[in-house]
Amino acid sequence: MVVETAEVISLNGLGNDLFHLRLWAEKITKQAFPGQFVHVYCGEGESLDPLLPRPFSLFRIQKEDGVLELIFRVGGKGTSSLSRKVSGERLQLLGPLGRGFTESHYFSRVLLFAGGIGMPPLYSLAESSKGVDFTLFYGGRSRSDLVFLDEWQRMGVQLQLATDDGSVGHQGTLVELASSLLLPQAADFYYACGPKPMLKAVKQLMDNLKIPGELSLEERMACGVGACLGCVCQTVDGYVRVCTEGPVFPAEEVVFDE
Amino acid sequence: MSDPRLAVKIGRVSLKNPVVTASGTFGFAQEYNRLFPVSALGGITVKGLTLQPRAGNPPPRVVETPAGLLNAIGLQNPGLTVFLEKELPFLRELETTIIVNIAGFTIEEFARLASALDRAKGISVLELNISCPNVKAGGMAFGIDPEAAARVTRTVRAETSLPIWVKLSPNVTDIGIIAQAVEEAGAEAITLINTLAGMAIDLKKRRPLLGNRMGGLSGPAVKPIALRQVWQVYETVKIPLIGMGGISSPQDALEFMMAGASAVGVGTALFHNPFTPLNIIDGLCSYLDQEKIDRIEDIIGIAHQTG
Numbered sequence: 001m002v003v004e005t006a007e008v009i010s011l012n013g014l015g016n017d018l019f020h021l022r023l024w025a026e027k028i029t030k031q032a033f034p035g036q037f038v039h040v041y042c043g044e045g046e047s048l049d050p051l052l053p054r055p056f057s058l059f060r061i062q063k064e065d066g067v068l069e070l071i072f073r074v075g076g077k078g079t080s081s082l083s084r085k086v087s088g089e090r091l092q093l094l095g096p097l098g099r100g101f102t103e104s105h106y107f108s109r110v111l112l113f114a115g116g117i118g119m120p121p122l123y124s125l126a127e128s129s130k131g132v133d134f135t136l137f138y139g140g141r142s143r144s145d146l147v148f149l150d151e152w153q154r155m156g157v158q159l160q161l162a163t164d165d166g167s168v169g170h171q172g173t174l175v176e177l178a179s180s181l182l183l184p185q186a187a188d189f190y191y192a193c194g195p196k197p198m199l200k201a202v203k204q205l206m207d208n209l210k211i212p213g214e215l216s217l218e219e220r221m222a223c224g225v226g227a228c229l230g231c232v233c234q235t236v237d238g239y240v241r242v243c244t245e246g247p248v249f250p251a252e253e254v255v256f257d258e
Numbered sequence: 259m260s261d262p263r264l265a266v267k268i269g270r271v272s273l274k275n276p277v278v279t280a281s282g283t284f285g286f287a288q289e290y291n292r293l294f295p296v297s298a299l300g301g302i303t304v305k306g307l308t309l310q311p312r313a314g315n316p317p318p319r320v321v322e323t324p325a326g327l328l329n330a331i332g333l334q335n336p337g338l339t340v341f342l343e344k345e346l347p348f349l350r351e352l353e354t355t356i357i358v359n360i361a362g363f364t365i366e367e368f369a370r371l372a373s374a375l376d377r378a379k380g381i382s383v384l385e386l387n388i389s390c391p392n393v394k395a396g397g398m399a400f401g402i403d404p405e406a407a408a409r410v411t412r413t414v415r416a417e418t419s420l421p422i423w424v425k426l427s428p429n430v431t432d433i434g435i436i437a438q439a440v441e442e443a444g445a446e447a448i449t450l451i452n453t454l455a456g457m458a459i460d461l462k463k464r465r466p467l468l469g470n471r472m473g474g475l476s477g478p479a480v481k482p483i484a485l486r487q488v489w490q491v492y493e494t495v496k497i498p499l500i501g502m503g504g505i506s507s508p509q510d511a512l513e514f515m516m517a518g519a520s521a522v523g524v525g526t527a528l529f530h531n532p533f534t535p536l537n538i539i540d541g542l543c544s545y546l547d548q549e550k551i552d553r554i555e556d557i558i559g560i561a562h563q564t565g
């Protein structure tokens, strides 16, 4: 974990308030693993507003050239400020933070579940694994929520898409789609990242199909290093820190409220 | 080595510089020690400690507001026994002043915490948390009533020979009355301010955003209020003050010291920049150079001078 001044290589709008940010951040990239995250200080200069850094999962970790890629959706002050950065501009990062995914090369058939902006960490996971048969269930409200589909295909990942409006793939949720296609023990392991209701439904389905896996959680966060206890989630061991014990948890440890 | 010009005395306690961490923002120091040598600080105030382990409040526990942070952690901590076994051995080895913030839900609990910590090695100060806004029993209830605040202070005084600092709540009509009460009861310094009670609503869910509904506001947004209360308390008591509330820069720290604080606490600003306390220490040195002042202690309360 280090604080590093990163340089913006490029920032591209992907439409629908989504942005693809490429950063030169050699130290953090060298240390980072799929499923971990970085804190990005989004404010302008000395401004104390926004006050807190924003946590982002890692879309691509290019260790050889020290390039870190993130995808984010503009939702508030911090991400809005971040979306105005230009090439060459510098940004403070803190990372890599948290515990990432179990490496997937232990498994031969792996399912990935991505809900909207939950896709990026699964991409770096798939990219870092050789010889694994991946199927990605990728869901969003509409076609424009689903990005980098060509790149996913180029990696040889089988895609199963679902949108609320039916503009691409199955009309409905990715969990409905998965439950219509998957048989018990259809895979050795799964990884899921997305909104809580989706994670809860994925876990339930996977439990029924007797497939173990990991969930990447999100919670409102402050320090990012485990000091403030702001970002806890409920687990079988009580409240634990998403920033430190997570953001990736074995699915069987996570407790969803009713 | 710390610049000797920055040394300050808080009653019986000597700090090598006037910058300490604010309780609850720095854990038990191990996390931030991975980013910088925490021994460089004048003091470290640890997360509020209770007799029994506490799970804390349901999430969400934090929400950002304009230049501020609302939190409702609810004093999640491992409890006295685990603190003594797992956290204190690390803290004891640090070359800085260790301030242990304790929170009782009854006066009896304060007494038991104080007596157990009095026997432990490596603790320099007990800071009495009578101002946490995020717990149901005890907490702030002790800090908004001068008699209850004095009773807690007197009880702890009888249990320990350690210096006692009392951390006050800003959520009162007249903070000076509480300050006087704890001074008379044996407090050796006053820490102020704890967070201001506040809240936020989730528009989509049409419900309070924080799991605990209400929380405590900190960060730059509260700085003028904290500064005003430091000023007021400085005029009502003789014991030293540790000022905090939104301090994010050397300039902020200087304002608090000129208003009467002998030391300053940095909390929420750590989340904006983890190196804030170090930047403040450096900035105070530069200030002494520029202004040709021999000791930082010379500016404490200087804004109160007339003429």
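Residue numbers (my numbering), protein chains in the order written: chain C, 1 to 258; chain W, 259 to 565. For each residue, glycine too, the CB sits at the ideal point set by N, CA and C.
At a cut-off of 8 Å between beta carbons, proline 324 of chain W contacts chain C. Judged by pairs of C-beta atoms under 8 Å, the segment 216-234 of chain C touches the segment 180-200 of chain C, as three or more such pairs exist. Between the alpha carbons of valine 86 of chain C and leucine 21 of chain C lies a distance of about 10 Å.
With a beta-carbon spacing of about 6 Å, leucine 454 of chain W and asparagine 429 of chain W fall inside the 8 Å limit used to define contacts. A Cβ of chain W is located within less than 8 Å of the beta carbon of valine 3 of chain C. Per the C-alpha coordinates, the member of W/Leu485, W/Phe529 and W/Gln509 positioned closest to alanine 519 of chain W is W/Leu485. Under the 8 Å Cβ criterion, the segment 399-418 of chain W counts as touching the segment 360-367 of chain W, having at least three qualifying pairs.
For aspartate 540 of chain W, no beta strand (DSSP E) encloses it; the enclosing alpha helix (DSSP H) starts and ends at 534-549. Apart from the 5 residues on each side of it in sequence, alanine 437 of chain W sits with its Cβ closer than 6 Å to the Cβ of Ile448, Val491, Thr494 and Val495 in its chain, given in chain order. Judged by beta-carbon spacing, methionine 516 of chain W lies within the 8 Å limit of alanine 561 of chain W, meaning their Cβ atoms are closer than that value. Residues of chain C with a Cβ closer than 7 Å to the Cβ of asparagine 329 of chain W are, in chain order, Gly230. In this model, asparagine 16 of chain C and lysine 305 of chain W are separated by some 42 Å (Cα to Cα). Each residue's CA atom was taken as its position, placing proline 482 of chain W and glycine 474 of chain W some 16 Å apart. Comparing alpha-carbon positions, the option among C/Glu44, C/Asp165, C/Ala25 and C/His105 lying closest to threonine 79 of chain C turns out to be C/Glu44.
Under the three-pair Cβ rule at 8 Å, the segment 155-171 of chain C does not count as touching the segment 71-78 of chain C. Residue pairing by DSSP places aspartate 460 of chain W opposite W/Arg465 in a beta bridge. The beta carbon of glutamate 44 of chain C sits no closer than 8 Å to any beta carbon of chain W.
Shown here, serine 87 of chain C sits in coil according to DSSP, grouped into three states, outside any helix or strand.
Judged by their CB atoms, proline 535 of chain W and valine 277 of chain W are nearer to each other than the 8 Å cut-off. Contacts between glutamate 289 of chain W and chain C, judged by CB atoms closer than 7 Å, involve Val225, Gly226 and Ala227 in chain order. With respect to chain C, the C-beta atom of arginine 464 of chain W has no partner C-beta closer than 8 Å. For phenylalanine 37 of chain C, the closest C-alpha among the options C/Glu46, C/Ile61 and C/Pro50 is that of C/Ile61.
Nearest in C-alpha terms to leucine 52 of chain C, of all of C/Glu245, C/Leu82 and C/Ile211, is C/Leu82. For proline 50 of chain C, the closest Cβ of chain W is nearer than 8 Å. Using a Cβ-Cβ cut-off of 8 Å, glycine 118 of chain C does not count as an interface residue toward chain W, since no Cβ of chain W sits closer than that to its own. Residue burial annotation: asparagine 12 of chain C is exposed, with fewer than 16 other C-beta atoms found within 10 angstroms of its C-beta. In terms of Cα proximity to valine 522 of chain W, the closest of W/Ser419, W/Glu555 and W/Pro421 is W/Glu555. Contact check between the segment 130-140 of chain C and the segment 234-252 of chain C: fewer than three CB pairs, one atom from each, fall below 8 Å, which does not count as touching. Isoleucine 360 of chain W: member of the beta strand (DSSP E) spanning 355-360, first to last residue.
Taking C-beta separations shorter than 6 Å and ignoring five residues to either side along the sequence, the partners of glycine 115 of chain C in its chain run Gly139, Gly194, Pro195 and Met198, following chain order. Residues of chain C with a Cβ closer than 8 Å to the Cβ of phenylalanine 529 of chain W are, in chain order, Leu51, Leu52, Pro53, Ala222, Cys223, Gly224 and Cys228. In this structure, the CA atom of leucine 338 of chain W is about 37 Å from the CA atom of proline 212 of chain C.
In this structure, the CA atom of leucine 342 of chain W is about 10 Å from the CA atom of glycine 380 of chain W. Taking 8 Å as the CB threshold, glycine 434 of chain W stays off the interface with chain C.
By the neighbour-count criterion, in which 16 or more other beta carbons inside 10 Å mark a residue as buried, glutamine 487 of chain W falls on the buried side. Classified as exposed, valine 236 of chain C has fewer than 16 neighbouring CB atoms from the shown chains inside 10 Å of its CB.
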